[in-house]
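**Q**
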Amino acid sequence: MAVATEAEPRPAPPARRRGSAPYGWLKPGILLGAFVPVASMVQRAASGGLGANPIAEVENELGLAALIFLVAATACTPFRRLFGWTWPVRIRRELGLIAFFYALTHFLTYLVLDQFFDWGAIAADILKRPFITVGFTALVLLTPLAITSTNSWVKRLGFKRWQRLHWLLYPAVALAAVHFIWRVKADIRQPLTYALILAALLAVRLVLYLRKRYAAGETLS
Ligand code: HEM
């Protein structure tokens, strides 16, 4: 049996990075926040505040909620890299799953309440109406990300492959922004605002990626 003759110096506690304070409330908070759009819709439906076309209103609200949570999920890594905040990355998975939940319910509203399961009309829409084509493609790209969001999938795929697969978030989010721009016919200020925020986030991500590649190339050569 090994006996310690001298007290080992205690390892220094890990330095706490900015923004990594104990944020135990974050996940419950974000899950609570996820229900705000649903609660607001239920309240508006109960008070007759959904307007003349409640189905289109609900469809639009769900689509907008999906986009907002997608933007939030996309912002997590740039925030960590730019400002050293670690807390957004802790809730990235939840934000992504909430975004997927809203995108799926948005699609189901379209499928059930808007098109009444008219598969022919739905297929024609997906093939012939460009804004539906890109919206549908965004949803298809998000589906494997939602399925593989668990730790067991990270293990099964291996971190590198899992990470590469999750780059699909970026084309998905870009298509979602295009979907919104193409859907709006007159005043495109709101969709354009989302598109600009997303373009800035994607540009940050791209610059950081290229810098990392360049630095890796420098050390190799
Ligand atoms: C990631 C996936 C998606 C996102 C983020 C998204 C987002 C949006 C947004 C933001 C709007 C406009 C909201 C507004 O005007 O306030 C919208 C409208 C719409 N979306 Fe999507 N969408 C997605 C996928 C889909 C899919 C898969 C379909 C159908 C195949 C679809 C069909 C529609 C339709 C029909 C409208 C117009 C509803 C109406 O005004 O009656 N979307 N979507």
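Per the numbering used here, residue 1289 is the first one in the sequence shown, and the count goes up by one each step. Ideal placement from N, C-alpha and C gives every residue a C-beta, glycine not left out.
(1) Is the distance from the Cβ of Ala1426 to the Cβ of Ala1460 below 8 Å?
(2) Beta carbon of Asp1402: closer than 7 Å to some heavy atom of the ligand MG?
(3) With hydrogens ignored, establish whether the beta-carbon of Ala1487 is closer than 7 Å to any heavy atom of the ligand HEM.
(4) What ranges does the alpha helix (DSSP H) occupy inside the region 1383-1468, keeping only unbroken runs of at least 4 residues that lie completely in it?
(5) How about Gly1312: is its C-beta nearer than 8 Å to some C-beta of chain C?
(6) Please state whether DSSP places Gly1321 in a helix, a strand or coil.
(7) Could you give the residue range of the alpha helix (DSSP H) that holds Leu1352?
(8) Reducing DSSP to helix, strand and coil, say where Ser1335 ends up.
(9) Just the Cα atoms here: how many angstroms apart are Leu1433 and Tyr1497?
**A** According to the structure shown:
(1) Going by C-beta atoms, Ala1426 is nearer than 8 Å to Ala1460.
(2) The model on display carries the ligand HEM but not the ligand MG.
(3) No, Cβ of Ala1487 sits at least 7 Å from all heavy atoms of the ligand HEM.
(4) Every alpha helix (DSSP H) stretch that sits fully inside the region 1383-1468 and reaches 4 residues is listed by chain position as 1407-1416, 1418-1435, 1439-1445 and 1447-1453.
(5) Here there is only one protein chain, and chain C is not present.
(6) Note: Gly1321 maps to helix in three-state DSSP.
(7) Counting along the chain, Leu1352 sits inside the alpha helix (DSSP H) bounded by residues Pro1342 to Phe1371.
(8) DSSP, read as helix, strand or coil, puts Ser1335 in coil.
(9) Cα-Cα distance, rounded: 20 Å.
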